[in-house]
Each structure stands twice: as C-alpha cells, then as structure tokens.
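Chemist:
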Amino acid sequence: MPCTYYSIDIEATGPVPGLFSMVSLGAVVVAPGEDENLLIGESFYAELKPVFAGSQPEANAIHGLDLERLKHDGLDPALAMRRLAEFVDRTCLRGTSPVFVGHVAVFDWMYVAWYFAWCGLENPFGYKGIDTKSLAMGALGLPWTDTSRETLVERLGLRPQAQDSLHRADADALHQAEILVALLERSRLSPGA
245 MPCTYYSIDI EATGPVPGLF SMVSLGAVVV APGEDENLLI GESFYAELKP VFAGSQPEAN
305 AIHGLDLERL KHDGLDPALA MRRLAEFVDR TCLRGTSPVF VGHVAVFDWM YVAWYFAWCG
365 LENPFGYKGI DTKSLAMGAL GLPWTDTSRE TLVERLGLRP QAQDSLHRAD ADALHQAEIL
425 VALLERSRLS PGA
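Numbering-wise (this note's numbering), the sequence shown opens with residue 245 and increments by one.
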C-alpha cells in the first residue's frame with residue numbers, strides 16, 4: 245500500500261513521557277504527487293500545556309519555550325492530540341496509509357504514541373515509523389555516527405535550516421521532510437532499489 249508520510253518533531257521537558265511533558269509538536273505531510281514524485285504539503289503545529297512535574301533545565305534550554313506561558317496558553321494535550329489525528333485524517337491521501345517519520349524517531353514516536361494512549365485516542369500511525377537516520381545509513385552507506393542532520397544536509401546538497409528556527413517543532417519537521425524526500429529519491433534512483 246502506498247504511504248502518506250508525516251514528518252514529525254516534538255519538543256519536551258525531558259527524556260520520557262509520563263514523567264516529562266511534550267510541549268510542542270510539529271508535523272508536515274509528504275505524499276506522492278500526480279507524477280509519483282514526493283511533495284511536501286501542509287503542516288501542523290501545537291504548543292501543549294506541560295502536565296507532568298519532570299523538567300530538565302538542559303531539555304528546556306534546547307526548545308526555549310516559556311513553560312509558565314504554556315501553562316496558561318498551551319493546548320490541553322487531549323485537544324492537541326485530537327487535532328493531530330484530525331490533521332492526519334484530513335490530509336492522508338485516499339488509498340494510502342499514514343506513516344510516522346522522525347529523525348531519531350524512537351524519541352518523537354515514543355512521545356506521540358504515549359500521548360495518544362494517555363489521552364484515550366487511537367494513534368493513527370499505529371506502530372509504523374521510519375527513522376531518517378536509519379534510512380540514511382542504507383541510502384547513503386553511512387555509519388550511524390555520521391547521520392546527524394547537518395551531515396545529511398551536506399551529503400544531500402540541501403540548504404541548512406535557519407539557525408533561528410532550530411528546535412521549533414514545526415520548522416524541524418519541515419526540514420526533516422526535506423531530508424526524507426531527498427533520501428527516498430536517492431534510494432529510488434540507486435541501483436538495486
């Protein structure tokens with residue numbers, strides 16, 4: 245079955261859900277166009293209320309979100325997850341399956357799956373996921389240690405992400421979508437692929 249890919253990035257207050265909070269979530273659609281080439285489409289972004297007590301200063305320094313502001317202005321997690329599920333339902337191409345994509349997907353998928361379950365909602369991605377670091381190992385023949393986004397941008401001839409948008413979940417998801425398209429295109433053109 246063909247896929248509609250969802251490049252997803254999250255920011256959190258620490259390393260694991262349930263002890264720490266997801267505070268932002270970005271998603272970008274990547275789907276085949278009429279000519280079968282992959283196109284980057286619509287995006288989704290939400291900032292969530294922190295709901296768990298755990299908070300690591302080093303994690304919060306990475307995303308830079310004001311947790312006090314989010315306590316007042318962030319979305320209730322159940323509403324944010326419902327909106328993400330509605331976004332996936334609305335944008336998933338007919339006859340395709342939605343597939344989660346992340347850079348270090350084990351981290352982002354863990355939070356998204358956990359939040360869907362915690363909120364009592366069905367995870368539209370199920371247990372399907374693609375990790376762009378692993379995909380790069382195969383498509384480019386790189387060792388795991390050489391699969392940083394910076395290295396992939398250089399190897400794939402992509403433009404670097406603007407420094408002022410780093411660790412903003414929607415901007416990271418968009419940049420990861422560009423990497424995904426380039427990697428899948430490289431894989432498709434490789435001999436034996």
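Using N, Cα and C, we set each Cβ at its ideal position, and we do this for glycine too.
Remember, predicted model here, so these are calculated numbers, not experimental data.
1) Which residue marks the beginning of the beta strand (DSSP E) containing G373, and which one marks its end?
2) Please report the straight-line C-alpha distance between L260 and L292, rounded to a whole angstrom.
3) Where does T257 sit, in a helix, a strand or coil, going by DSSP?
4) Over the uninterrupted beta strand (DSSP E) stretch that includes L323, give me the two end residues.
5) Identify, in the order they occur along the chain, each residue of the same chain with its Cβ nearer than 8 Å to the Cβ of F264, setting aside the five sequence neighbours on each side.
6) Hey, could you find the ends of the beta strand (DSSP E) P276 is sitting in?
7) Sort out for me which residues DSSP pairs A290 with in a bridge.
8) Is the number of C-beta pairs between the region 305-313 and the region 347-358 that are closer than 8 Å three or more?
9) Going by the CB atoms, is the gap between I252 and V397 shorter than 9 Å?
Modeler: On the basis of the coordinates in this document:
1) G373 to D375
2) Strictly speaking, residue 260 in this sequence is Val, with Leu absent from that position. Taking the straight line joining both Cα atoms gives about 16 Å.
3) coil
4) Looking at the DSSP string, L323 is not in any beta strand (DSSP E); the run it does join, the alpha helix (DSSP H), is P321 to T335.
5) A256, T257, G258, F296, G298, S299, Q300 and A303
6) M266 to P276
7) Paired residue(s): L269.
8) no
9) No, the pair does not count as a contact, with Cβ atoms beyond the cut-off.
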